[in-house]
Amino acid sequence: MMNKKLTIGSIILAVLLLSIGILTSLSIYSVDAGETAIVTRYGEIVDTKTSGLNWKSPVEDVTFFSTREAKIEFGEFDKRTGDVIAGLSAYTSDRQTATVALTLTYQITNPEQVYTKYKTTDNMLNTLVAPRVRQQLEIVFSKYTAMTAVERRGEFATALRKEIADIFKGYPLTINDVQSVFNFSKEYERMIEDSVNKDVAVRNQERQTRIAQEQAREAEVRAESEARIKITQAEALAKEKTLQADAEAHAIRVKGEAEAASARALAEALSKNQDLVALKTAEKWNGVLPTYIPQGTVMPFVQLPQK
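Just so it is clear: in the sequence shown, position 295 is 296 by the working numbering, and no numbers are missing.
Okay, here's the thing in structure tokens:
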């Protein structure tokens, strides 16, 4: 009888310990880095836990939210060819249908608000993110024709990224990046490509014509400049020769005037002083008498002054 009681007691103790162990294991939970745990009791938030080991009561529930960057894809495209396999549809301003594959990189910034409004991340993505992304895609595409969207893909991608990021301001997540790839029908894309090629050819021809005109203008300006330089040089040379001739004429005139003045002074002196004439004659005589005197001429001789 005693052994039977001990056996029943052991069983009860074992069951009790097992229950405690189970309850304890269910009450301890771990939160990884990059996660936030929302602790609720009967659906009401009672606590928020970050990374580490934590404990909760049996009446509390824990919902985990990742606060790391994550991606959500709308559609699919071939990374090798860039062709969109499946995706969202949107109309351009000229009513052409584009198929768009999008990849959004997002990050939850307020897990408590996510839980309060959407309960789970998936529910937020399905009820908030997806509809608004489709809406903004249609709005941005409606601002472009099919041709301008193809010609300005970079501008389109930037505009789409900004519009999608802005639309989620004030919500419990941020959009860090938006990657987009879009295609039109093959026939329409070939038509666009032909039109773009023609436009490029016309622009190239216009650019070549403009370059040729600019080169012609440059050559004309260069020729005019060279002509002006030659004219300036010729005028400077002519001016220099004129100045030189004027200087030479002036020098000759001055010399002539000086010689005339000297001659007048000498003549005046000779007319006033005959002895000076005799002196000049004597200075020029070499002391030799002439050997032949023509008939009827007077033999020249120096007339010395008499005392």
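Heads up, the beta-carbon is just placed ideally off N, CA and C, and yes, glycines get one too.
The model shown is predicted, which means the values in this text are computed figures rather than measured ones.
- With a contact defined as Cβ atoms closer than 8 angstroms, T64 and I39 qualify at about 5 angstroms.
- Around the beta-carbon of A87, fewer than 16 other beta-carbon atoms lie within 10 Å, marking it exposed.
- For the pair S52 and V32, the CB atoms are nearer than the 7 angstroms cut-off.
- For the pair K170 and T128, the Cα-to-Cα distance works out to about 16 angstroms.
- Counting C-beta atoms within 10 angstroms of its own C-beta, P132 has fewer than 16 neighbours from the protein chains shown and is therefore classed as exposed.
- Annotation: the segment 154-204 contains the following complete segments of the beta strand (DSSP E) (minimum length 3 residues), in chain order: 174-184.
- Secondary structure note for L54: its beta strand (DSSP E) is the uninterrupted segment G53 to W56.
- Contact annotation: S67 and E36 have beta-carbon atoms nearer than 7 angstroms.
- R42 is bridged by DSSP to E45 and E61.
- The alpha-carbon of A147 is positioned some 37 angstroms away from that of T110.
- Straight across, the Cα-Cα distance linking R265 with K242 is about 34 angstroms.
- The DSSP assignment places no complete alpha helix (DSSP H) segment of no fewer than 4 residues inside the segment 203-244.
- Counted as a single uninterrupted DSSP element, the stretch harbouring A34 is not any alpha helix (DSSP H), since DSSP gives it neither H nor E.
- The distance from the Cβ of I140 to that of Y107 is about 19 angstroms, inconsistent with a contact at the 8 angstroms cut-off.
- For L89, there is no enclosing alpha helix (DSSP H); the residue is part of the beta strand (DSSP E) that begins and ends at L89 to Y92.
- Every alpha helix (DSSP H) of 4 residues or more that sits fully in the segment 107-163 is shown, in chain order, as 112-119, 122-125, 131-142 and 147-152.
- Remark: C-beta atoms of I165 and Q136 do not approach each other more closely than 7 angstroms.
- Assignment of E70 by DSSP, reduced to helix, strand and coil, places it in the coil class.
- Scanning T159, I168, P173 and L161 for the CA closest to the CA of Y116 turns up P173.
- If you ignore the 5 residues before and after S94, its C-beta comes within less than 6 angstroms of the C-beta of S143 and T146, all in its own chain and listed in chain order.
- Comparing alpha-carbon positions, the option among E45, I232 and A34 lying closest to L54 turns out to be A34.
- As far as DSSP is concerned, V255 takes part in no beta bridge.
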